[in-house]
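Residue numbers (the UniProt record's numbering): 1 to 266.
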């Protein structure tokens, strides 16, 4: 049975938005219509998320892919929070409606792409930009991170106080006559672990206690070091394989020369 929108239950879950609804004169009936419309599209969006995920899995540098749809309650909460931002952009008369919410909220479909080594990102980046129409790319970095590779590709860099690292893509495609926008997040396996922990802690507290905040930042530095260590190990492994191949080639040539000399002496 399809769940319907109940404003009273919603406000119990998200009490902080009640004041925004009143101040911005947001029509709760429109919120209900958007909620129900999104629920109606859920199966279609799940299929589209699966389709995108399977394409991404074909890229050799990709370790794993996860997809998710925005929860209907989370969608409504975000619409309420983003109303002020959109009014600054479009004017005081702006309202989210059935006709515009799919274009204004860009993470209805979310895809997470995980890779192991940092230098694998560029291959994945090229794959995404060649496969879909990319309408926006943002590199989220920690203050002090090397951003040269992003700047060379004219990618917007956003420094995050939390230390969150991930490259976000908004891609546009038409599985039907209706345009769909999906968000693809690309990060290393270490960045994924940190991101999950950071996300859970932030949603568990209205405001993160200072002791947790300071330990999160320490953990973030360790994650950055782990990524660098993994990249170093990968480079050393490649160099070792190259030397092994050279050595095997020399041994093979020596054996061939020995056999040649033996044949001459017969």
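We put the beta carbon where it would ideally sit given N, CA and C, even for glycine.
1. Where does residue 122 sit, in a helix, a strand or coil, going by DSSP?
2. What's the call for residue 232, buried or exposed, on a 16-neighbour Cβ count within 10 Å?
3. What are the boundary residues of the beta strand (DSSP E) that residue 53 is part of?
4. Going by the beta-carbon positions, is the gap between residue 139 and residue 167 smaller than 8 angstroms?
5. Using 8 angstroms as the cut-off, can you tell me whether the segment 80 to 88 makes contact with the segment 145 to 165, which would need three or more C-beta pairs spanning the two stretches below that distance?
6. Here's the rule I'm using: 16 or more other beta-carbon atoms within 10 Å means buried, otherwise exposed. How should residue 176 be labelled?
7. Report the option in 99, 195, 14 and 124 whose CA atom is closest to the CA atom of residue 73.
8. From residue 77 to residue 190, what distance separates their C-alpha atoms?
9. Could you check whether residue 48 and residue 109 sit closer than 8 angstroms to each other, using their CB atoms as the reference points?
10. Should residue 148 be labelled buried (16 or more other beta-carbon atoms within 10 Å of its own) or exposed?
11. Can you give the beta carbon distance from residue 52 to residue 111, rounded, assuming they're within the 8 angstroms contact cut?
12. Is it buried or exposed, residue 251, if we count other Cβ atoms within 10 angstroms and call 16 or more buried?
13. At what residue ranges does the UniProt domain "RelA/SpoT" (67 to 209) contain a whole run of the alpha helix (DSSP H), taking only runs of 4 or more?
14. Tell me whether the segment 15 to 33 and the segment 63 to 73 touch, counting them as touching only if at least three CB pairs, one residue from each stretch, are closer than 8 angstroms.
15. In the structure shown, what three-state DSSP assignment does residue 62 receive?
16. State the Cα-Cα distance for the pair residue 38 and residue 101, rounded to the nearest angstrom.
17. Which of the three DSSP states is assigned to residue 215 in this structure?
18. Is the beta carbon of residue 230 closer than 8 angstroms to that of residue 117?
19. Run the CB neighbour count on residue 67, radius 10 Å, all protein chains shown included, and call it buried at 16 or more, exposed below.
20. Distance, Cα to Cα, residue 153 vs residue 120?
With the structure as the only source:
1. helix
2. Under the 10 Å beta carbon count, residue 232 is surrounded by fewer than 16 other beta carbons and is classified as exposed.
3. Per DSSP, residue 53 belongs to no beta strand (DSSP E); it is in the alpha helix (DSSP H), 42 to 57.
4. Closer than 8 angstroms, so yes.
5. no
6. exposed
7. 14
8. 30 angstroms
9. Between residue 109 and residue 48, the gap from beta carbon to beta carbon is short of 8 angstroms.
10. With fewer than 16 Cβ atoms within 10 Å of its Cβ, residue 148 is classed as exposed.
11. 6 angstroms
12. exposed
13. 72 to 90, 101 to 104, 121 to 131, 148 to 152 and 189 to 204
14. no
15. coil
16. 10 angstroms
17. Correct three-state label for residue 215: helix.
18. yes
19. By the beta-carbon neighbour count (other beta carbons within 10 angstroms, threshold 16), residue 67 is buried.
20. 15 angstroms
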